[in-house]
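Residue numbers (our numbering), protein chains in the order written: chain F, 4 to 92; chain Y, 350 to 439. Cβ atoms here follow ideal geometry from the backbone N, Cα and C, with glycine treated the same way. Reading through the structure tokens given below for one structure.
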């Protein structure tokens, strides 16, 4: 999992079966210093309440679909948590 | 699996229910000389790893779900060991 910043939301009317009712977010991955790094990805929102500007963590791969109510859906990234705080130990 | 060093935690209250009560640790990936590569990961802790410790990290979902005991967990990255020693030519 990595940290990301929510940049926006995506609405699509025409989509593959299984994607109905899923919130989609544009998420910019962040590096170790929490600077933007790499290309933005579209994530399903498994928290149902991540908003634009929020710091989140997301999972990629097969596990992204496991995070959703219906497991066998064509999703490859999911936001699984909203970050309150990042603490350096 | 890869080697990494624990450097932080992520605190979160709104999350997928799988993460309730679990510790999320930030780890720096390290190379064969145990030097940071610049990459990092957020991993679920399964071994009570502490700050600065060198750890063994699994990045594969089926094993991660098995180790953390939840077949429905949306998890891929788990700390599965605390490294005592890395041996070999450097």
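| To the nearest whole angstrom, what separates the beta carbons of residue 55 (chain F) and residue 13 (chain F), a pair I think is in contact under 8 Å? | In this structure residue 55 (chain F) does not touch residue 13 (chain F) by the C-beta definition: roughly 12 Å separates them, more than the 8 Å allowed.
| When F:34, F:77, F:89, F:91 are compared against residue 20 (chain F), the one with the closest alpha-carbon | F:77
| message | Quick test of your reading: residue 351 (chain Y) and residue 84 (chain F), contact by CB under 8 Å. State the CB separation rounded to the nearest angstrom. | response | Actually they do not touch by this definition, with Cβ atoms about 22 Å apart.
| said: Is there a C-beta anywhere in chain Y that falls below 9 Å from the one on residue 34 (chain F)? | reply: Taking Cβ atoms only, chain Y reaches closer than 9 Å to residue 34 (chain F), which makes this a yes.
| Partner residues on chain F for residue 357 (chain Y), Cβ-Cβ distance less than 9 Å | The contacting residues are 89, 90, 91, 92.
| message | Does any residue of chain F have a CB that is nearer than 9 Å to the CB of residue 424 (chain Y)? | response | yes
| request: Would you list, in sequence order, the uninterrupted beta strand (DSSP E) runs of no fewer than 3 residues that lie entirely inside the segment 358–391 of chain Y? | output: 373–379, all fully within the segment 358–391 of chain Y.
| query | Relative to the C-alpha of residue 26 (chain F), which residue among F:53, F:10, F:38, F:91 is closest? | reply | Among F:53, F:10, F:38, F:91, the Cα nearest to that of residue 26 (chain F) is on F:53.
| Among Y:357, Y:390, Y:379, Y:371, which one has its Cα closest to the Cα of residue 416 (chain Y)? | Considering only alpha carbons, the answer is Y:371.
| What are the boundary residues of the alpha helix (DSSP H) that includes residue 410 (chain Y)? | In this chain, the alpha helix (DSSP H) harbouring residue 410 (chain Y) covers 410–417.
| query | For the 8 Å Cβ check, are there 3 or more pairs between the segment 398–414 of chain Y and the segment 64–78 of chain F? | reply | yes
| field | One or two residues paired with residue 12 (chain F) in a DSSP bridge | value | F:28
| task | Under 8 Å Cβ to Cβ from residue 39 (chain F), same chain only, skipping five residues before and after it: list those, please. | result | Cβ within range, chain order: 8, 31, 32, 33.
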